[in-house]
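Sequential numbering from 67 applies to the sequence shown in my numbering. Note that the Cβ used here is the ideal one computed from N, Cα and C, for glycine as well.
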Amino acid sequence: LATRKPLEGVIQAPHFHDMGKLLLAFVMLWAYFSFSQFLIIWSGNIPEETRWYLYRMRGGWSLVALLLVIFHFALPFLMLLSRDLKRNARRLAMVAGLVLLMRLVDLFWLIAPKFSKGDFLMTWTDVVAPIGIGGLWLAYFLWQLKQRPLIPFNDPQLPEVLAAGQHAEH
67 LATRKPLEGV IQAPHFHDMG KLLLAFVMLW AYFSFSQFLI IWSGNIPEET RWYLYRMRGG
127 WSLVALLLVI FHFALPFLML LSRDLKRNAR RLAMVAGLVL LMRLVDLFWL IAPKFSKGDF
187 LMTWTDVVAP IGIGGLWLAY FLWQLKQRPL IPFNDPQLPE VLAAGQHAEH
């Protein structure tokens, strides 16, 4: 969107840098919540809660958990430490896409082991359902995006906001 009108020339590197910092904050927040939950449940040794993790530590699910730690936290975290990456729209979009994909894997990891009784089992519906629902959502989102202006051109403070954005180097 940043390379097409009306946002062309409006959204610049400092804006992408801010979005990269926001993505980094959410990656760290996800890791903090996930590890805190694991630490509290595991160290508390609560049998009815520990069972939830036991399902996810056998039958191939431990590999999914390891992939989540690497690709949903460690790799995005290390990549988002780079100032250059956060200021490059294309590379930032790739990292955001990776985080979004791993979020879907995380949702699958949260739900699927309970239905497969601990064995790693993946069916075609596990792939097709999120793609179908995501496609419907994306189509509706793009349709709504075309219906509304992205920049409030009639706002009397718009020139001030745009001028402030050009001088806001981080």
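Can Leu-134 and Trp-175 be called in contact, C-beta distance under 8 Å?
-> yes
When the Cα of Leu-167 is compared with those of Pro-142, Asp-150, Trp-118, Trp-190, which residue comes out closest?
-> Pro-142
Gly-200 to Phe-99, Cα distance in whole Å?
-> 25 Å
Report the rounded CA-to-CA distance for Tyr-121 versus Val-194, giving the unit in angstroms.
-> 24 Å
Assign Val-227 to buried or exposed, taking buried as 16 or more other Cβ atoms, counted over all protein chains shown, within 10 Å of its Cβ.
-> exposed
Lys-152 and Leu-158 look like a contact to me (Cβ under 8 Å); what is the Cβ gap, rounded to whole Å?
-> 6 Å
From what residue to what residue does the alpha helix (DSSP H) around Ala-155 run?
-> 155–181
Ala-205 and Asp-192: beta carbons closer than 8 Å?
-> no
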